[in-house]
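Chains as they are written, first to last, in our numbering: chain A, 1 to 312; chain B, 1001 to 1381.
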Amino acid sequence: MATDTQFGSASEDAIVSAGDEGPRERLLLWIDDHLKWLLTLPAVLVLFSLTFVPLLRALEISLHNYIPTGRRFVGIGNYVDLLSNGDFHTSLWVTFKFVVAAVGVEFLLGFAIALLLNKKIKLRGLWQTLILIPMILSPTVIGLIWRLLYAPSGLLDFIIGQPLLGQNVGWISEPQFALISVILTDIWQWTPLVVLVMFAGLQSVPDHIREAAIMDGASRRQRFLHITLPYLKSLIVLVLIIRVVDALRVFAKVYILTRGGPGSSTNVISMQMYRVAFRFSNYGEAAAMAVSLLVVVLILAMSFVKIAGVEF
Amino acid sequence: MVRVTYDSIKKKYGDTVAVEDIKVTVDDGEFAVLLGPSGCGKTTTLRCLAGLTEPTEGTIRLGDHDVTDVHPKNRNIAMVFQQFALYPHMNVWQNISYPLKVDGVDKETRRERAREVAEMVEIEELLDRDVGQLSGGQRQRVALGRAMIRRPAVFLMDEPLASLDAKLKVDMRSRIKVLQQDLGITTLYVTHDQEEAMTLGDKLIVMDDGNIQQVGSPDKVYHEPKNRFVAGFIGSPTMNFIEVERDGRTIRPVHGAAEFAVDLDDEVAARYEGHDRFEIGVRPQYFKLHTAQTDNAIRGQVKVTEPMGDEQLIDVLVGEDEDPLELTVKAPSTIDVARNDEVWLTIQQELIHGFDLDSGERIAEGGDQRQRVAASRAEAE
């Protein structure tokens, strides 16, 4: 039944009075009630099939040992083995060094650049664009670019190694430099993300709060420590979570630059997984590593949020 | 506690002139209100004193010190912002005592001082709350407390009540006035609300278009507006302006409305000697509304009535033609008229103002307008 209203043109379907429930109206009411679920269903299905299904599959694989004739259920055997696996421990340590150094420098450098951009500098738009370029390249391309730069007698040797040391540095061929070189590449790629997020955050600090602090007599340093930093706390946590989680999973760059070598000097955990799975065909052990890594990432992310007391 | 002097302050943003030439002095302990429509330059004027905006030309003095180039934090000025500008991650007492914290005062003393100030603004029970949990009025008290805690030489307030609802506004208004008088701190207060300005200020600084239009007490700017702008801006509802031609003692509107022909008293007519064409300004309450024809009255038709309790506002149309004169009249609610009723208006002539058409300046009336108002009231009773 059409309800006549003088306030605009409400459609006939949208207004269904309570005592007027034919099958059509009942269907419309049901849709109206469940619309939020219906609308999110496709995304939920995609997410489910792309995250949960592979995750469960990895869990299943990690409980088996793979042999040429098939597989054998071993329970938590693979996980127990990991505890005493020296290569795994080394790769954990390498990953830890990589994550702390890369994310640490990315955050400090990125925040510093964001603070500079937040001033009224000349050509700000141009700087912003230039700074973002590394972030939009694919990790493989970045790996290839830097492999050329790091190559013996490559550009970096040409401008640093040979003039300063009189010889090639061996950026990615010497064990003591290889990890640093990989870390540098990661910094080059991901500092822009920190810049982007922190710059947006700085821009969102309301002028009146900044000015109130000026009127209250706070110095530049005090304003940064007492006002800006606390104001950006949740963004800082967010960007650190994103970067730490992503750095823990680093693969393409390492694969292209060093394949985990020389020795095991850049053998990060995902590189180790790759080796175990696809070189030694030990799928069960690799899957166990993957699941362990997931647990570590979850614990890290949750403790970050907890420490910062941030709600998203 | 100090005298504030603006000496020829000018502020340009690129080619846009925000403030053209501000010369004004606010005396020690005085409550000055900068009043004007939005975009008139009043906030810019205030921010120049705060040090948040650097004037293009001119000097600002606090007492005898030129502070034009002094950093805001060294001016000993506190400011209350329209958006309250509380620090979202600090609780109430931390917000209030922040000016002490940056001064290096220890925590015990800070808490103690915050408590004292919180009592003055009556929020002592909220000291440990997060500012996110506070209502608008409570936030404004925190902002006031934060401004007070350092005992600044000058208070600046930039539309501090603009985001509060009407009832709270009136409440906070009187509280601010009491606090200011108790503390005796020189205060500059920006508002576009003329009622707020009238009730708060010792001195009104009426601004328009980057310039000061008039400086004076609330009574003075109301009863003796310097020009047409001030006359129209101060007073609610707005003064009625009618462009008239004078023919001997009779004035008639320049545009239409032949019904509007008023014979001026000799004394009033004498004021406008030498002005054949000028604009008169009549406040709504200086009309008298009659339901029957009387002497020297203007015939009109009621367009709409707006009851306001004891009084009512009546819009009256004068003239039959396409473009009638529309006058707003304030009348006692005892007069019973409705839309389209015929009414007659007389003017309390001694209370009208005349304005020069070219300059907009008020044509001097001589004598004291306030006395005239008192006299005409006595006569009416």
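Quick reminder that beta carbons are idealized off the backbone N, C-alpha and C, glycines included.
Predicted model, so just to flag it, every value in this text is computed and none were measured.
Answer yes or no: do residue i and residue j have a C-beta to C-beta separation smaller than 8 Å?
i: B/L1164; j: B/M1172; result: yes
i: B/F1355; j: B/G1281; result: yes
i: B/K1288; j: B/Q1371; result: no
i: A/F177; j: A/V169; result: yes
i: B/K1226; j: B/R1362; result: yes
i: B/D1208; j: B/C1040; result: yes
i: A/A288; j: A/S84; result: no
i: B/P1072; j: B/K1011; result: no
i: B/L1126; j: B/V1092; result: yes
i: B/T1186; j: B/V1004; result: yes
i: A/T228; j: A/V250; result: no
i: A/L196; j: A/L132; result: yes
i: B/R1146; j: B/Y1098; result: yes
i: B/I1022; j: B/T1045; result: yes
i: A/E211; j: B/L1086; result: no
i: B/I1149; j: B/V1121; result: no
I'd like to know whether the C-beta of residue i is nearer than 8 Å to at least one C-beta of chain B.
i: A/I299; result: no
i: A/M289; result: no
i: A/I307; result: no
i: A/H389; result: The shown model of chain A, from 1 to 312, leaves out residue 389 of chain A, and the question about it has no answer.
i: A/M1; result: In this prediction, A/M1 has a pLDDT of 43, which is less than 50 and means its spatial position is unreliable; nothing more can be read from the coordinates.
i: A/E106; result: no
i: A/P192; result: no
i: A/Q128; result: no
i: A/Q222; result: yes
i: A/D236; result: Note that residue 236 of chain A corresponds to Ile in the displayed sequence, not to Asp. False, the Cβ-Cβ gap to chain B never drops below 8 Å.
i: A/I113; result: no
Going by other Cβ atoms of all chains shown within 10 Å of its Cβ, with 16 needed for buried, is residue i buried or exposed?
i: A/H226; result: buried
i: B/Q1293; result: exposed
i: B/T1109; result: exposed
i: A/K306; result: exposed
i: A/P152; result: exposed
i: B/V1316; result: buried
i: B/R1277; result: exposed
i: A/F280; result: exposed
i: A/T266; result: buried
i: A/H64; result: buried
i: B/R1271; result: buried
i: B/Y1013; result: exposed
i: A/G143; result: buried
i: A/D216; result: buried
i: B/H1255; result: exposed
i: B/N1340; result: exposed
i: B/H1353; result: buried
i: A/Q146; result: A quick correction: the sequence has Trp, not Gln, at residue 146 of chain A. A/W146 comes out buried.
i: B/T1305; result: buried
For a contact meaning CB atoms closer than 9 Å, what does residue i contact in chain B?
i: A/A218; result: K1073, Y1098, P1099, K1101 and V1102
Is any beta-carbon of chain A found at less than 8 Å from that of residue i?
i: B/E1055; result: A quick correction: the sequence has Pro, not Glu, at residue 1055 of chain B. For B/P1055, the answer is no, since every Cβ of chain A falls outside 8 Å of its Cβ.
i: B/R1113; result: no
i: B/Q1138; result: no
i: B/R1146; result: yes
i: B/W1286; result: According to the sequence shown, residue 1286 of chain B is Tyr rather than Trp. Chain A, which has no Cβ nearer than 8 Å to the Cβ of B/Y1286, makes this no.
Just the chain A side, please: which residues come within less than 9 Å of residue i by C-beta, in chain order?
i: B/Q1180; result: Near B/Q1180 there are no residues of chain A at all, since even the closest Cβ is about 18 Å away, more than 9 Å.
i: B/I1391; result: As displayed, chain B neither begins before 1001 nor continues past 1381, which places residue 1391 of chain B out of reach and without an answer.
Using the beta-carbon of each residue, which ones in chain A are nearer than 8 Å to residue i?
i: B/F1081; result: H208, E211 and A212
i: B/A1085; result: P206, H208, I209, E211 and A212
i: B/H1089; result: P230, Y231 and K233
Using the beta-carbon of each residue, which ones in chain A are nearer than 7 Å to residue i?
i: B/P1160; result: Those do not exist, as B/P1160 stays about 12 Å from chain A at its closest Cβ, beyond 7 Å.
i: B/E1255; result: Reading off the sequence, residue 1255 of chain B comes out as His, not Glu. Within 7 Å Cβ-Cβ: nothing; B/H1255 doesn't reach chain A, min ~39 Å.
Could you name the residues of chain D that residue i contacts, counting a contact when the two beta carbons are closer than 7 Å?
i: B/A1050; result: The displayed structure is made up of protein chains A and B, and chain D is not among them.
Residue i touches chain B at which residues, Cβ-Cβ below 7 Å?
i: A/I227; result: Y1087
- [ ] Could I get the ranges of all uninterrupted beta strand (DSSP E) runs contained in the stretch 1225 to 1269 of chain B, with 3 residues as the minimum, in chain order?
- [x] Runs of beta strand (DSSP E) with 3 or more residues, each lying fully within the stretch 1225 to 1269 of chain B, are found at 1240 to 1247 and 1250 to 1253, listed in chain order.
Task: Segments of 4+ residues assigned as alpha helix (DSSP H) that fall wholly inside the stretch 1022 to 1107 of chain B - done: The alpha helix (DSSP H) runs lying completely inside the stretch 1022 to 1107 of chain B and spanning 4 residues or more are 1042 to 1050, 1092 to 1096 and 1098 to 1101, given in chain order.
Task: 3-residue-minimum beta strand (DSSP E) runs that sit fully inside the stretch 1319 to 1380 of chain B, ordered along the chain - done: Runs of the beta strand (DSSP E) lying entirely within the stretch 1319 to 1380 of chain B, each at least 3 residues long, are 1325 to 1332, 1342 to 1347 and 1353 to 1355 in chain order.
Open item on the list: What ranges does the alpha helix (DSSP H) occupy inside the stretch 54 to 82 of chain A, keeping only unbroken runs of at least 4 residues that lie completely in it?
Closed with: List check, alpha helix (DSSP H) in window: nothing returned.
TODO: Starting from the N-terminal side, write out each stretch of the beta strand (DSSP E) that is 3 residues or longer and does not extend beyond the stretch 1279 to 1315 of chain B.
DONE: Whole beta strand (DSSP E) segments, 3+ residues: 1287 to 1290 and 1298 to 1308.
- [ ] Give, in chain order, every unbroken run of the beta strand (DSSP E) that is at least 3 residues long and sits entirely within the stretch 123 to 149 of chain A.
- [x] You should have found no qualifying run.
TODO: Please go through the stretch 147 to 210 of chain A and give each complete alpha helix (DSSP H) segment of 4 or more residues, from N-terminal end onward.
DONE: Assignment of alpha helix (DSSP H) within the stretch 147 to 210 of chain A, counting only whole runs of 4 or more residues, yields 175 to 204 in chain order.
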